[in-house]
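Participant: Take a look at this one; I'll ask things after.
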Amino acid sequence: MSQQQQRPFLLVKAQKAVLSSENNMAPATVLVDRTTGKITQVATDNDTIKVKDDMDVIELQNDQVLIPGLVDAHVHLNEPGRTDWEGFETGTKAAAAGGICTVIDMPLNAIPPTTTEENLDIKLAAAAGQCHVDVGFWGGVIPDNAEHLPRLMERGVRGFKCFLIESGVDEFPCVNEAQVRLAMDKMVGSGKVLLFHAEMEEGLPEQPKQEELDSRTYASFLNSRPQNLETNAIDMVIRLTREYYEQGKPVKTHIVHLSAASALPAIRKAKADGIPLTVETCFHYLNFSAEAIEDGATHYKCCPPIREAANRELLWEALLDGTIDYVVSDHSPCTAQLKKLEVGDFGTAWGGIASVQFGLPVLWSEGRNRGVTIQKIIRWLSEVPAQRTQIHEKKGRIAAGFDGDLCIWRPEAPFEIKVQDVHFKNKLSPYIGNTLYGAVDQTIVRGQTAFDRTTAERFAPKPVGRTLLA
1 MSQQQQRPFL
11 LVKAQKAVLS
21 SENNMAPATV
31 LVDRTTGKIT
41 QVATDNDTIK
51 VKDDMDVIEL
61 QNDQVLIPGL
71 VDAHVHLNEP
81 GRTDWEGFET
91 GTKAAAAGGI
101 CTVIDMPLNA
111 IPPTTTEENL
121 DIKLAAAAGQ
131 CHVDVGFWGG
141 VIPDNAEHLP
151 RLMERGVRGF
161 KCFLIESGVD
171 EFPCVNEAQV
181 RLAMDKMVGS
191 GKVLLFHAEM
201 EEGLPEQPKQ
211 EELDSRTYAS
221 FLNSRPQNLE
231 TNAIDMVIRL
241 TREYYEQGKP
251 VKTHIVHLSA
261 ASALPAIRKA
271 KADGIPLTVE
281 TCFHYLNFSA
291 EAIEDGATHY
301 KCCPPIREAA
311 NRELLWEALL
321 DGTIDYVVSD
331 HSPCTAQLKK
341 LEVGDFGTAW
351 GGIASVQFGL
361 PVLWSEGRNR
371 GVTIQKIIRW
381 LSEVPAQRTQ
391 IHEKKGRIAA
401 GFDGDLCIWR
411 PEAPFEIKVQ
421 DVHFKNKLSP
431 YIGNTLYGAV
441 DQTIVRGQTA
451 FDRTTAERFA
461 PKPVGRTLLA
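Note that the sequence shown covers residues 1 to 470 in UniProt numbering.
As structure tokens, then:
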């Protein structure tokens, strides 16, 4: 995968291409100017763009499909500070291997968190020269940092995330309603989005304590994070979003990693009323079920938890009817030691699922049995996350003027996830050993090949990704 011999233009010819969620599958030829990274021409008649000497040409095979590069808007890269958990190099390699061209990095689990302009600079310095895909950044809202939000917005963070329950790391404490209001006041009129980890204990009856239960059972963990933690928090988010909206001071809000189907009626009503609320869920909530998780299998632990199969079906219904807007990985890895697999203790294990590499095949494998089309996959994994992160004028579809972000995959190809094929740092994931459909063959970021499964080295020798702050 030598970058030294590249020609100025890349021409990709596909007999099967889906350019956006509004397009049917059809032949297409895409021309990318590598000097700008932009698509200069898209032709649906493969003969209308002639091959020239200044072009490298990729011609897809009959079983390959060309789609827009994916956008994962919820990834923890953990660098600097916790790079033994994950880092820019390994995390973005894994993203590229999954057809992802852009990830948006979460503000916590790195030390320091992205809560001030100075901390953002530390994050950018750590990312320099390491990104195999493009990387944008969420800022964070914590107690007493509201004064930093305007400058962080000016610097180009995509929005802000806060926790309504303890985050699990000391550097990123949770906020209360008054502190949320301070943040929203700073964000009025900005167009930026405020993200909520929507679990909240305040005002609820006391929950079962983990230590009072058999902490090796998954049921003990599930019982300790009941659905009403989510519904309680989401009710507050909706109330505040509605209040600011009705006062003519709208602030866009967003629920990250929804797992509780019991919150869906309130979300549906809020959306029907027109308030600016969006919602994501995760691949693991749409794939796994609590009933199938064995005792001691702490690599399934995440917060909020994977719930029962009936709950999963309701999440699928909400995704299909548009109540849930898009799907993310919430790639939140850690070291094997922190997962406590040797003792299988759900109470003390770190909560997070490593999955950034596998979102496309996971969603497609589950979805194809439910009538999901490639167009819906593009909407959920490219277009809508690009819109929510305000990069939709250059990411999320294949069109002239957009970045040359392309994914070449084989939707009908089954493959088994093997440890040796995992590219994130800690090779611990509940997906290992699963057989899925939809093997990613090649990922192209702004005209540069970031990942090629057919080559020995697989990744570009020099990372092709950039940081997104504009």
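Here a beta-carbon is modelled for each residue, glycine too, at the ideal position from N, C-alpha and C.
Distance, Cα to Cα, Lys93 vs Pro385?
Facilitator: Counting from one through the sequence shown, the residue named residue 93 turns up at place 93. Counting from one through the sequence shown, the residue named residue 385 turns up at place 385. Approximately 20 angstroms between the Cα atoms of the pair.
Participant: With DSSP run on the structure shown, which of helix, strand or coil describes Gln5?
Facilitator: To locate residue 5, count along the sequence shown from 1; it is residue 5. Looking at Gln5 - three-state DSSP - the assignment turns out to be coil, as it is neither helix nor strand.
Participant: Considering only their Cβ atoms, is the gap separating Val362 from Leu436 smaller than 8 angstroms?
Facilitator: Walking along the sequence shown from the start, residue 436 turns up at place 436. Walking along the sequence shown from the start, residue 362 turns up at place 362. Contact flag set, yes.
Participant: Pro385 by DSSP, collapsed to three states: which one?
Facilitator: The residue given as residue 385 occupies position 385 in the sequence shown. DSSP places Pro385 in helix when its eight states are reduced to three.
Participant: Note the first and the last residue of the continuous beta strand (DSSP E) segment covering Thr40.
Facilitator: Locating residue 40 in the sequence shown gives position 40, where the first residue counts as 1. Per DSSP, Thr40 belongs to the beta strand (DSSP E) from Lys38 to Ala43.
Participant: Contact between the segment 229-245 and the segment 253-271: three or more CB pairs below 8 angstroms?
Facilitator: yes
Participant: Can you give me the start and stop residues for the alpha helix (DSSP H) that Met106 sits inside?
Facilitator: Residue 106 sits at position 106 when you count from the first residue of the sequence shown. Neither: Met106 is in no alpha helix (DSSP H) and is coded neither H nor E.
Participant: Can you grab the Cα-Cα spacing for the pair Pro173 / Pro8, in whole Å?
Facilitator: The residue labelled residue 173 in the question sits at position 173 within the sequence shown. The residue labelled residue 8 in the question sits at position 8 within the sequence shown. Whole-angstrom Cα-Cα distance: 48 angstroms.
Participant: Since Asp134 is in the beta strand (DSSP E), which residue starts that stretch and which ends it?
Facilitator: In the sequence shown, residue 134 corresponds to position 134, counting from 1. It spans Asp134 to Phe137 - the beta strand (DSSP E) in which Asp134 sits, taken as one unbroken run.
Participant: Looking at C-beta atoms only, is the number of pairs between the segment 99-113 and the segment 133-145 that lie closer than 8 angstroms three or more?
Facilitator: yes
Participant: Since Thr90 is in the alpha helix (DSSP H), which residue starts that stretch and which ends it?
Facilitator: Residue 90 sits at position 90 when you count from the first residue of the sequence shown. Taken as a continuous stretch (DSSP letters only), the alpha helix (DSSP H) holding Thr90 covers Phe88 to Ala97.
Participant: By DSSP, does Gln442 sit in helix, in strand, or in coil?
Facilitator: One-based indexing of the sequence shown puts residue 442 at position 442. Note: Gln442 maps to strand in three-state DSSP.
Participant: Rounded C-beta distance between Asn434 and Pro333? I'm assuming under 8 angstroms.
Facilitator: The residue you call residue 434 lines up with position 434 of the sequence shown. The residue you call residue 333 lines up with position 333 of the sequence shown. At roughly 17 angstroms, the Cβ-Cβ gap does not stay under 8 angstroms, so Asn434 and Pro333 are not in contact.
Participant: For my contact list, Thr298 and Phe346 are in at a C-beta cut-off of 8 angstroms; report their separation, rounded to the angstrom.
Facilitator: Position 298 of the sequence shown, counting from 1, holds the residue named residue 298. Position 346 of the sequence shown, counting from 1, holds the residue named residue 346. With a Cβ gap of about 6 angstroms, Thr298 and Phe346 count as contacting.
Participant: Please list the segments of the beta strand (DSSP E) lying wholly inside the segment 384-435, counting only runs of 3 or more residues, in order along the chain.
Facilitator: 406-416
Participant: State the Cα-Cα distance for the pair Tyr245 and Val180, rounded to the nearest angstrom.
Facilitator: Stepping through the sequence shown from its first residue, residue 245 is reached at position 245. Stepping through the sequence shown from its first residue, residue 180 is reached at position 180. Taking the straight line from one Cα to the other gives about 15 angstroms.
Participant: To the nearest angstrom, how far is it from the Cα of Lys190 to the Cα of Ala73?
Facilitator: Here residue 190 refers to the residue found at position 190 when the sequence shown is read from its first residue. Here residue 73 refers to the residue found at position 73 when the sequence shown is read from its first residue. Before going further, note that residue 190 is Ser rather than Lys in the sequence given. Answer to the nearest angstrom: the Cα atoms are 19 angstroms apart.
Participant: Would you check if the segment 224-236 and the segment 160-171 touch, i.e. whether three or more CB-CB distances between them fall below 8 angstroms?
Facilitator: Flag = yes, the segment 160-171 and the segment 224-236 touch.
Participant: First and last residue of the beta strand (DSSP E) that includes Thr29?
Facilitator: Looking up residue 29 in the sequence shown gives position 29. Here the beta strand (DSSP E) through Thr29 covers Ala26 to Asp33.
Participant: DSSP three-state label for Thr449, please.
Facilitator: Position 449 of the sequence shown, counted from the first residue, corresponds to residue 449. It is a strand residue.
Participant: From residue 490 to Pro414, what distance separates their C-alpha atoms?
Facilitator: Nothing in the structure corresponds to residue 490, since the chain is present only between 1 and 470.
Participant: Count the CB pairs spanning the segment 391-398 and the segment 63-72 that are closer than 8 angstroms, and state whether there are at least three.
Facilitator: yes
Participant: Ignore the nearest five residues each way along the sequence and tell me which others in Arg155's own chain have a CB closer than 7 angstroms to its CB.
Facilitator: For this step, residue 155 is matched to residue 155 along the sequence shown. Cβ neighbours of Arg155 beyond the five flanking positions: Glu117, Leu120 and Leu469.
Participant: By the three-class DSSP mapping on this structure, what secondary structure does Leu469 have?
Facilitator: Working through the sequence shown from its first residue, we reach residue 469 at position 469. Three-state result, Leu469: coil.
Participant: Are Leu277 and Val327 closer than 8 angstroms when you measure CB to CB?
Facilitator: On the sequence shown, position 277 is the one that residue 277 refers to. On the sequence shown, position 327 is the one that residue 327 refers to. The answer is no: Cβ separation not under 8 angstroms.
Participant: For Glu416, which of Ser365, Gln442 and Ala460 has the nearest alpha-carbon?
Facilitator: As a first step, residue 416 must be located in the sequence shown, where it is residue number 416. Of the residues Ser365, Gln442 and Ala460, the one whose Cα lies closest to the Cα of Glu416 is Ser365.
Participant: From Asp452 to Asp405, what does the alpha carbon distance come to, in whole angstroms?
Facilitator: Position 452 of the sequence shown, counting from 1, holds the residue named residue 452. Position 405 of the sequence shown, counting from 1, holds the residue named residue 405. Cα-Cα distance, rounded: 14 angstroms.
Participant: Three-state secondary structure (DSSP) at Phe283?
Facilitator: In the sequence shown, counting from the first residue as 1, residue 283 sits at position 283. Phe283 falls in the helix class under three-state DSSP.
Participant: Mind checking Lys339: buried by the 16 CB within 10 Å criterion, or exposed?
Facilitator: By 1-based counting over the sequence shown, the position of residue 339 is 339. With 16 or more other Cβ atoms within 10 Å, it is buried.
Participant: Quick check: the segment 37-55 against the segment 76-89, are at least 3 beta-carbon pairs closer than 8 angstroms?
Facilitator: no
Participant: Here's a check: name, in chain order, each residue in its chain whose Cβ is nearer than 7 angstroms to the Cβ of His148, leaving out the five neighbours to either side.
Facilitator: For the purposes of this step, residue 148 is taken as the residue at position 148 of the sequence shown. These residues qualify, in order along the chain: Thr115, Thr116 and Glu117.
Participant: Do you know how far the Cα of Thr44 is from the Cα of Asp403?
Facilitator: Counting from 1 along the sequence shown, the entry for residue 403 is found at position 403. Counting from 1 along the sequence shown, the entry for residue 44 is found at position 44. The straight-line gap from Cα to Cα measures roughly 18 angstroms.
Participant: Terminal residues of the continuous alpha helix (DSSP H) containing Leu360?
Facilitator: As a working note, residue 360 is residue 360 in the sequence shown. Run containing Leu360: Gly359 to Gly367, per the alpha helix (DSSP H) assignment.
Participant: If you draw a straight line from the alpha carbon of Thr389 to that of Gly159, how long is it in whole angstroms?
Facilitator: The residue labelled residue 389 in the question sits at position 389 within the sequence shown. The residue labelled residue 159 in the question sits at position 159 within the sequence shown. Inter-residue distance for Thr389 and Gly159 is about 8 angstroms (C-alpha atoms, whole angstroms).
Participant: Go to Asp214, then tell me how far its alpha helix (DSSP H) extends in each direction, as first and last residue.
Facilitator: Here residue 214 is taken as the residue at index 214 of the sequence shown, counted from 1. Segment: none, Asp214 is in no alpha helix (DSSP H) and carries neither H nor E.
Participant: Report the residue ranges of all beta strand (DSSP E) runs contained in full by the segment 146-192; include only those spanning at least 3 residues, in chain order.
Facilitator: 159-163
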